[in-house]
Amino acid sequence: MKKFYTLALSVMLCGSAFAEGRQPMVKNISTANNVVEASTTFNTAGGVKKAPARAAGFATIEDMAGAYEWTGQNLLQSNAPGGELTLTVTNPVTGAATISGFNQNFVLKATIDFAKGTVSIPSPQDLGKDSYGDQNYFYLKDVTNEGNVVNGLGSAAASVGTIDGTTIVFPELDVWAFGDYNDETVGWWYLCYANSMSAIIENENPNEGWEDFGTAVFEDGWMVPGAGEEPSDYPWTVNVQKSIDTPDLYRLDKPYMAEGCPFDGGKAGYIVFSIADPGFVRVLPGIYSGMNNGANKLNFFNLDGFYADMGFTKEEIKAELPDYVFSTYADGVVNVATCRFNMPSALDKAYSWTVSGVSVADKMVAKITINKLAGVDNVAIDNDADAPVEFFNLQGVRVDNPEAGRLVIKRQGSKVTKMVVR
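Put into structure tokens, the structure is as follows:
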């Protein structure tokens, strides 16, 4: 199976390892993005019922201290924004803080106004000299209406981010520069916009509450169309888990780390879906998929799940959007009609890809063909009424001497039942 090794060069703004020294600007904001917001939206007079679900916010300013995942859009050939940053609250009373973890050990000064829910990073501020002996500053740059970045130091005095749940979202057109505004011919360590910082929550998607259910053949409608390919041409097998507590809730377990995945760089992540209503299959938003676009973590979902999370019912969606195609489940096959994605900094958005300037939203469809683990449905039935008694666990594995109190499957001849061993 061919690997999409060139995907980062042709479609996505993926970064690479740090190159030596500062880098020149190779993009403008007007040409950098290759994602577009979903065109299928509600236009009801009452508007959106509620914002999509977000993580609970910080209780105190002290709670804000810790590790964050930095995401942003890169305007350089390399030196992409991203990775783990550390926010340190140096004075809870005044809100003084620092942000560290950048290349060259640069440290930013910031001020948290917890009452207003903002984090302010002043511009410019002296970062000292880099490993080459060159002077560096953090500063903001201006942007024209056409999306072109203006030379030199920008006019804004600070980049003021909004605390949204456990994410700090900075204005999209705040262009962060790490370099020397007195001499930009050398380039920058970072030059990026649409910056956000999301608190890293330990055990965000633990295995507790899930059990292995089987495997599935996955025809990916989220990443493959963004590479200009058809999902049906690149299927691969993934692990499927079932929720222990919630009926009809399943997830693809680390799908982009599975053998046969045509993408490199996949991390631990999940695609969670509910088949409680087979005619309204919801792929749940707000869950990290395991894939990134550059430094941006991608959450994968479908519009059924996105609208449901906003409080709309299946009937309301159908009434408002008569031509809308719902995602469905039948005979072990999940058909996802409207694959979309977003990032932690834009949980209220639903994005699709563009390839060579053309939207491929209509090609973003997925198919999940589930193969259940060997269990009672796959146990061969012995029609001999005198056959010996056999026991299996719930995954269909034979158990020779099940202990008392254990739930097992009992088979004797053609009779198959579940029972608790006494």
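Numbering (the numbering used here), first residue to last: 110 to 531.
From the three backbone atoms N, C-alpha and C, an ideal C-beta is built for every residue, glycine too.
DSSP places L456 in the coil class of the three-state scheme, outside both helix and strand. For A174, the closest C-alpha among the options Q186, T203, L184, T207 is that of T207. Judged by DSSP secondary structure, Y416 falls within the alpha helix (DSSP H) whose first and last residues are 412 to 418.
Relative to K458, the option among G274, E317, N408 whose CA is nearest is N408. Distance from the CA of P356 to the CA of V442, rounded to the nearest whole angstrom, comes to 17 Å. Contact between S209 and A219 is ruled out by a C-beta separation of about 11 Å, above the 8 Å threshold.
Runs of beta strand (DSSP E) with 3 or more residues, each lying fully within the segment 282 to 315, are found at 284 to 288, 297 to 308, listed in chain order. A straight-line Cα-Cα distance of about 48 Å links V467 and T199. In this structure the segment 183 to 199 does not lie against the segment 445 to 464, because fewer than three pairs of beta carbons, one per stretch, are closer than 8 Å.
Every beta strand (DSSP E) stretch that sits fully inside the segment 313 to 350 and reaches 3 residues is listed by chain position as 319 to 328. For E424, there is no enclosing beta strand (DSSP E); the enclosing alpha helix (DSSP H) covers residues 423 to 429. For L361, the enclosing beta strand (DSSP E) has its first and last residue at 358 to 362.
Judged by DSSP secondary structure, V278 falls within the beta strand (DSSP E) whose first and last residues are 276 to 278. Under the 10 Å beta carbon count, S268 is surrounded by 16 or more other beta carbons and is classified as buried. Taking all protein chains in view, the Cβ of A325 is crowded by 16 or more other Cβ atoms within 10 Å, so the residue is classified as buried. In this structure F247 is in contact with L236, their Cβ atoms being roughly 6 Å apart against a cut-off of 8 Å.
Secondary structure note for S209: its beta strand (DSSP E) is the uninterrupted segment 205 to 209.
Taking I384 as the centre and dropping the five residues before and after it, the same chain places the C-beta of D357, V390, Y438 closer than 6 Å to its C-beta, in chain order.
Under a 10 Å Cβ-count criterion, N257 is classified as exposed, with fewer than 16 other Cβ atoms of the shown protein chains found around its own Cβ. Boundaries cannot be given for I384, as no beta strand (DSSP E) includes it and DSSP labels it neither H nor E.
Contact fails between the segment 392 to 399 and the segment 421 to 434, because fewer than three Cβ pairs, one in each stretch, are under 8 Å apart. Rounded to the nearest angstrom, the gap between the Cα atoms of P497 and Q521 is 6 Å. Judged by DSSP in its simplified three-state form, K225 adopts coil rather than helix or strand.
Secondary structure at K250: strand, using DSSP grouped into helix, strand and coil. K250 and A286 do touch by the CB rule: their CB atoms are close to 5 Å apart, below 8 Å.
Here DSSP, grouped into helix, strand and coil, assigns Y365 to helix. Our two residues, K351 and V202, have alpha carbons roughly 47 Å apart in a direct line. With respect to N411, V445 sits close: the two C-beta atoms are nearer than 8 Å.
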